[in-house]
Amino acid sequence: MDTTQRTDQQRSADRRRRELLEAADRVVLRDGPQASMNAIAAEAGITKPILYRHFGDKGGLYAALAKRHTDALLDSLRAALDAPAERRERVEATLDTYLAAIEARPQVYRFLMHPAEGGTAAEQGFDVGKHSAPLLRRMGEELAQVIEDRLDLGPESQQLARVWGHGIVGMMHAAGDWWLGERPCSRAELVRCLADLLWGRLAAAGDRVGSPGF
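For the sequence shown, this note's numbering assigns the number 894 to the initial residue and increments by one for each residue that follows.
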């Protein structure tokens, strides 16, 4: 098989994978954590064994969907951090971007963070922690890198940036999960309260020389 044939086959496989993920997204938007492999296969017009061939099992499909949505969310968070605004405004915009994303697609959020709530009996053993923890870990590491690149935190900046990155992501996740379920206040009020909680040490830190600032 020559290089051109291999490239064409890879493009075809990538396109088919995107189509299957789009079908899975439609089912997740409709069914949330109750989305099953059977329903996703039916939406895609294929049999479940063919779906397994592409993703292995629900965990493989979950990982692919998680990457798809996490990539999009991280792009949005980076845009909020890069906006030409004062630091407090960027902090609030970043918090609001995360909360707006889970509010806009709550079924997708619940599928990604609470998938064990639904599915068939055979899928009930799906380990939510095994799959959602890497998603949160990735977000924490991404934010930690932004903090380290942009803030002057002194001689232990790398360690402190990682503490802050994972701490902020954990706070956003826990507060957002509670807020999405109970809706005790407006999104704007939650953003303000969380920004107040973060603001003391963030306000005091200087920007790293040559960085776009935080």
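Just so it is clear, CB atoms sit at the ideal spot from N, CA and C, and this is done for glycine as well. If you're wondering where the values come from, they're calculated on a predicted model, not measured in any experiment.
Beta carbon of residue i nearer than 8 angstroms to that of residue j
i               : j                  : result
leucine 958     : alanine 932        : no
proline 1105    : aspartate 975      : yes
alanine 973     : arginine 981       : no
arginine 1093   : tyrosine 991       : With the sequence shown as reference, residue 1093 is identified as glycine, and arginine is not the correct amino acid for it. Not a contact, by the Cβ cut-off of 8 angstroms.
valine 1062     : phenylalanine 1004 : no
histidine 1059  : alanine 1037       : yes
aspartate 989   : valine 1084        : yes
methionine 1032 : leucine 1090       : no
alanine 969     : alanine 994        : The amino acid occupying residue 969 in the given sequence is serine; alanine does not appear at that position. A contact, by the Cβ cut-off of 8 angstroms.
histidine 947   : leucine 913        : yes
glycine 1055    : arginine 1101      : According to the sequence displayed, residue 1055 carries arginine and not glycine. No, Cβ-Cβ distance for arginine 1055 and arginine 1101 is not below 8 angstroms.
tyrosine 1002   : leucine 1046       : no
lysine 951      : methionine 930     : yes
Buried versus exposed, by CB contacts within 10 Å (16 or more), residue i
i               : result
glutamine 943   : It should be noted that the sequence gives isoleucine, not glutamine, for residue 943. It is exposed - the Cβ of isoleucine 943 has fewer than 16 other Cβ atoms within 10 Å.
glutamate 1082  : exposed
proline 977     : exposed
proline 1048    : exposed
glycine 938     : exposed
tryptophan 1057 : buried
threonine 900   : exposed
threonine 987   : buried
proline 999     : exposed
tryptophan 1071 : exposed
alanine 934     : buried
glutamate 979   : exposed
alanine 928     : buried
proline 926     : buried
glutamate 936   : buried
glutamate 1041  : buried
glutamate 985   : buried
alanine 1015    : Any reading at alanine 1015 needs caution, since the residue's pLDDT is 45, under 50, leaving its predicted position unreliable; the model's value is listed next. Alanine 1015 should be labelled exposed.
arginine 911    : exposed
Opposing strand residues paired with residue i [DSSP bridges]
i              : result
aspartate 1045 : Gly1099
Query raised in the report: Counting pairs of beta carbons, one from the stretch 1025 to 1035 and one from the stretch 1083 to 1097, are three or more of them closer than 8 angstroms?
Result: no
Report task. Quick one: which unbroken alpha helix (DSSP H) runs of 4-plus residues sit fully inside the stretch 947 to 999? Chain order, please. Result -> 951 to 975, 980 to 997
Report task. Any chance you could list the alpha helix (DSSP H) runs of at least 4 consecutive residues sitting entirely within the stretch 1050 to 1094, in chain order? Result -> 1050 to 1075
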